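K.L.:
Numbering (this note's numbering), first residue to last: 343 to 625.
Heads up, the beta-carbon is just placed ideally off N, CA and C, and yes, glycines get one too.
All of these numbers come straight from a predicted model, not from anything done at the bench.
Below: one structure in structure tokens.
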Amino acid sequence: MSATATDARVESAAELADDARAALRSLVLALADSKRVLGLRYSDRMLGAPTLEAGIAASSMAQDEWGHARLTYAMLGDFGDDPKALEHERPAAEYRSHPALDAGFDSWADFIACILLVDTALAVQYGALVESRYTPAHNRVQKMLDEERFHFQYAAGWVRRMAAVPEVRDELAASLARYLPQALQWLGDDDGPASRRLVDQGLVSASPSALRARFLARVGPVLVDADLARGLGLSRRDGGEWLVSQSLSFDGWNEEARRSGGALDEQTAARARGDKNRALLMD
């Protein structure tokens, strides 16, 4: 592929070859579904927050994620999909949400760890779309990233706060240790055919490993400040690259679903679809 071809703007998915279009659609659907379920998980913590203000913040972020999901589903109209059908008519087996969201949060520590790690991984992937040559993503995604900056700052503040409290520090560390490998793996396999196609075609701005480096550069300083990085296997070369001690395995990796196994349960999918409120759905 010539530099001229890969630099040219893509105004519509119809301009892409079949394999590139399918790879991009899978990525956008995974982002949309992840945002949808993330909003549900955030909403579940509104009543379990440690303070009234924290509950209000959880509510606000849940609404943000729901809005991000709707904007991302709308992008799939460019691929010939019916966004409303994607939002409200699919069974759980067809959801492509982040595997870290298959289960709900057991604690406020889970909630904060998920914002810092899982939500940030999604934001990093969205950022690669903003920087791509696929123009339909640019304006929609930039608005989301502006809101995500608040989410990150909120989580970072809570991580530092909780890490300083002996009674909850270990619980937070355990939550972070559970979510970190899932956040890293979700960014994808460099050797996956779809990942390579997206990078080669300029439909994302960086490879999965480069996105992991961006992710670690973002969350690493927060974890160092909280004195939690070493326990999570994170370190940094002198003034440079962030390193993680644990290796990632992509054995059994399903590139389209962006997971190695498991699935969203039907009860959560029913909530994501809005089954109980179907009569109240509005455009």
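In angstroms with no decimal places, state the Cα-to-Cα distance between Arg491 and Leu389.
P.N.:
On the sequence shown, residue 491 is found 149 positions in, with the first residue counted as 1. On the sequence shown, residue 389 is found 47 positions in, with the first residue counted as 1. Using only the alpha carbons, I get a separation of about 24 Å.
K.L.:
What first and last residue would you give for the alpha helix (DSSP H) that runs through Leu373?
P.N.:
Locating residue 373 in the sequence shown gives position 31, counting from the first residue. Here the alpha helix (DSSP H) through Leu373 covers Asp360 to Ser385.
K.L.:
What's the gap between the Cα of Ser354 and the Cα of Leu382?
P.N.:
On the sequence shown, residue 354 is found 12 positions in, with the first residue counted as 1. On the sequence shown, residue 382 is found 40 positions in, with the first residue counted as 1. Computed Cα separation, rounded: 31 Å.
K.L.:
Could you spell out the range, first to last residue, of the beta strand (DSSP E) harbouring Arg578?
P.N.:
Counted from its first residue, the sequence shown places residue 578 at position 236. Here the beta strand (DSSP E) through Arg578 covers Leu576 to Arg578.
K.L.:
Have a look at Ser602 and Cys456 and give me their C-alpha separation to the nearest angstrom.
P.N.:
Within the sequence shown, the letter at position 260 stands for residue 602. Within the sequence shown, the letter at position 114 stands for residue 456. Those two C-alpha atoms are separated by around 19 Å.
K.L.:
Is the CB-CB distance between Arg554 and Leu529 below 8 Å?
P.N.:
Against the sequence shown, residue 554 aligns to sequence position 212. Against the sequence shown, residue 529 aligns to sequence position 187. In contact: Arg554 and Leu529 (Cβ atoms closer than 8 Å).
K.L.:
Between the segment 560 to 575 and the segment 533 to 545, do at least 3 Cβ pairs fall closer than 8 Å?
P.N.:
As far as the Cβ criterion goes, the segment 560 to 575 does not touch the segment 533 to 545, which means the pair count is below three.
K.L.:
Let's test the definition: count the other Cβ atoms within 10 Å of the Cβ of Arg351 and tell me whether it reaches 16, buried, or not, exposed.
P.N.:
The count along the sequence shown starts at 1 and reaches residue 351 at position 9. Arg351 comes out exposed.
K.L.:
Taking buried to mean at least 16 other C-beta atoms within 10 Å of its own C-beta, is Pro508 buried or exposed?
P.N.:
Locating residue 508 in the sequence shown gives position 166, counting from the first residue. Classification for Pro508: exposed.
K.L.:
I need the DSSP call for Val466, collapsed to helix, strand or coil.
P.N.:
Taking the first residue of the sequence shown as position 1, residue 466 is located at position 124. Val466: helix per DSSP, three-state reduction.
K.L.:
Can at least three beta-carbon pairs, one atom from the segment 384 to 402 and one from the segment 567 to 576, be found at a separation below 8 Å?
P.N.:
Not touching, per the Cβ criterion.
K.L.:
Under 7 Å: does the beta carbon of Val561 sit that close to some heavy atom of the ligand SAH?
P.N.:
Absent from the structure shown: the ligand SAH. Ligands present: none.
K.L.:
Between which two residues does the alpha helix (DSSP H) carrying Leu514 extend?
P.N.:
Residue numbering aside, residue 514 sits at position 172 when the sequence shown is read from its first letter. Taken as a continuous stretch (DSSP letters only), the alpha helix (DSSP H) holding Leu514 covers Pro508 to Trp528.
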